[in-house]
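See below for the structure under consideration.
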Amino acid sequence: MNTLSRRGFLAASAAAVAVAHVPRLALAQTAAPIRLAATTRTLDIDGRAASVFGLAGPGGQGLVFDPGQRFRVDLTNDLDVGMIIHWHGQIPPNAQDGVPDMPMPLLAPGETRSYDFEARPGTHWMHSHVPVQEMQLLAAPLIVRSAEDIAADRQEVVMFLHDFSFKAPEEVLAEISGGHAGGGHGTHAHHGGAQPMQGLPMGGMGAMPGMDHGAMGGMPKGQMPGMGGMMGMGGQMGGMAMDLNDYDWDAYLANDRTLSDPDVVRVERGGRIRLRVINAAAATVFWIDTGAAGARLVAADGHAVQPLSGNRFGLAMGQRLDLEIDLPNENGAWPILALREGARERTGLILATPGAEVRRVDAVAEAEAPAFDTDLAQEARLIAVDALPERPVDRSQMLMLGGSMQPYVWTINGAVWGQHQPVTARRGERVVLSFHNMSMMGHPMHLHGHVFQVVGLNGRRVAGALRDTVYVPPMSMVDVALDAGEAARWMLHCHHMPHLATGMMTEFAVSASV
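Put into structure tokens, the structure is as follows:
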């Protein structure tokens, strides 16, 4: 292995957030809003220049808030296309939630829009709610520190994960869906007839049916035309082949870098690390492998869980994990790797004491990582520290998650966006949503404007984690409980971008209480 020379940090990289030490005292509150700009930037990906989008705050990519600091942000669109940002993990007023035309339109080029609401502590992120823009890396960390974070004697590190293609997102989506992108010629997955798709509230992406992996019939996947080689084989469920990865990306990034030139974070001997991991990928589930540095999982989606020891934890698209790592009292370098499920590709960063030799880590592992949480074993081990208060359930709703690779259409309750029937509730009601996945792909389901608690796994009651994004494996059911919030239309969708782009979205429509 070769010794890796550490490149200087770019001001416009996520590393500016990733390596920040927590100050001992919170910054003084300022009356002026924080300026945030949607911009273009250039990354060096394995020696090749890549033009991507980004969200530039005062310290580089991303925003960090101190305890009690309000979310007062002026967002400016410096791109040449309309865009809008969703504050994933925050609960703003519905008008500031960041979904196109629900109710606010996209920000036009050059436009500035102001946001002002109470920030919720934890590891969160922000991203465009236009799928092709999130695929162009229009996303960044959004960290809100707690008083405990400020007082703790530990170093904070952010690990922001992406999958990346040098191709235009529209081309990637066309390849995944078999080349039939665009609204108006989608075949409904469960009703057999050709039905026109309505434009999505995310920039008008329509239906993209087409490719057949043979997955629904249990046939193994092989060489797929136009898909860049061997598709990720996921394993078997009841004799049927799971579909884990429906695209082979050109690169997998941690803090905008690959393992050919990773982010090297300087740490102290014997120090404690709070590693905030954010899966911002479009379509990749990752395992986080801390190797020789044992870890404790202490938060999921920004909410504390009873500590869970281990050195491998998984997270799906849109999810976040906080890991505490106690480093040995010695000099050394500790790779923290993100392994693509069902495949050999990996990315990551390296924790290294000053002067330690940092060896190169291959971007391809010797063996495939397993599928993520097919039996919900990890989710079953997560127990909320601050559970929802016990109260009677006012309303229960079943949401059937369906779809297939052929045609490439993914549905909620048998419908795509525009043909959907809203999931309804009244403000203040205790609601249980049951996600029943009848497809052979996993779906990370994200609800805007609410925090929910996982309360059931395949029919077994649990006092699980508080979340905003829950992973529902193939042929599985997950129940979540929540208290309905602001009377408004809130998005409820799969956070797999090609699934979202083909219409796997409905709305949680909350009406005023009587």
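Just so we're aligned: the sequence shown equals residues -28 to -1, 1 to 486 in mature numbering (1 follows the signal peptide of the UniProt record, and there is no 0). Glycine included, each C-beta is placed from N, C-alpha and C at the ideal position.
Judged by DSSP secondary structure, Gln350 falls within the alpha helix (DSSP H) whose first and last residues are Ala349 to Ala352. Following the DSSP letters along the chain, one finds Asp455 inside the beta strand (DSSP E) bounded by residues Ser448 to Asp455. Remark: C-beta atoms of Val427 and Asp455 do not approach each other more closely than 9 Å. In the DSSP assignment, Val104 forms no beta bridge with any residue. Of the residues Val365, Phe407 and Met289, the one whose Cα lies closest to the Cα of Gly400 is Val365. Asn301 is classed as exposed because its beta carbon has fewer than 16 other beta carbons within 10 Å across all chains shown. The count of Cβ pairs closer than 8 Å, one atom from the region 253 to 266 and one from the region 46 to 59, stays below three, leaving the stretches out of contact. For Asp121, the enclosing alpha helix (DSSP H) has its first and last residue at Ala119 to Ala123. For Val336, no alpha helix (DSSP H) encloses it, and the DSSP letter there is neither H nor E. Shown here, Leu472 sits in a helix according to DSSP, grouped into three states. Glu106 sits buried, since 16 or more C-beta atoms from the chains shown fall within 10 Å of its C-beta. As a beta-bridge residue in DSSP terms, Asn251 pairs with Leu133.
Distance from the CA of Ala4 to the CA of Asp88, rounded to the nearest whole angstrom, comes to 11 Å. Of all C-beta pairs linking the region 215 to 230 to the region 261 to 272, fewer than three are shorter than 8 Å, placing the two stretches out of contact. Comparing alpha-carbon positions, the option among Thr230, Asn66 and His101 lying closest to Asp135 turns out to be Thr230.
For the pair Gln350 and Arg238, the Cα-to-Cα distance works out to about 30 Å. Secondary structure at Asn66: helix, using DSSP grouped into helix, strand and coil. In this structure, the alpha-carbon of Leu145 lies about 21 Å from that of Thr12. In this structure, Ile63 lies away from Met98, with their beta-carbon atoms at least 9 Å apart. Three or more Cβ pairs drawn from the region 287 to 305 and the region 437 to 445 lie within less than 8 Å of each other, which places the two stretches in contact.
Membership of Glu317 in any beta strand (DSSP E) is not indicated, and neither H nor E is assigned to it by DSSP. Separation of the CB atoms of Gly94 and Val116 is rounded to 6 Å, and the pair is thereby assigned contact status at 8 Å. In terms of CA proximity to Gly421, Ala481 leads the group Pro141, Asp121, Ala481 and Arg332. Closest by C-alpha distance to Glu128, out of Val236, Arg248, Ala21 and Gln33, is Arg248. Distance from Glu90 to Arg126 at the Cβ level is roughly 25 Å; contact not present, criterion being Cβ atoms closer than 8 Å. When DSSP states are grouped into helix, strand and coil, Leu323 belongs to the strand group.
Comparing C-alpha distances from Gly320 to each of Val404, Trp259, Glu329 and Phe407 shows the shortest one belongs to Trp259. For Ala459, the closest alpha carbon among the candidates Val444, Thr396 and Asp345 is that of Thr396. Remark: C-beta atoms of Pro113 and Val36 approach each other more closely than 9 Å. Going by beta carbons, Met463 and Asp121 fall outside the 9 Å limit.
Here the alpha carbons of Gly29 and Asp46 stand approximately 10 Å from one another. For Trp462, the pairing in a beta bridge is given by DSSP as Phe480. Counting other Cβ atoms within 10 Å of its Cβ, Gly242 stays below 16 and is therefore classed as exposed. A direct Cα-Cα distance of roughly 15 Å separates Ile6 from Pro39. Note that the region 404 to 421 touches the region 358 to 376; at least 3 beta-carbon pairs, one per stretch, sit closer than 8 Å. Classified as buried, Arg246 has 16 or more neighbouring CB atoms from the shown chains inside 10 Å of its CB.
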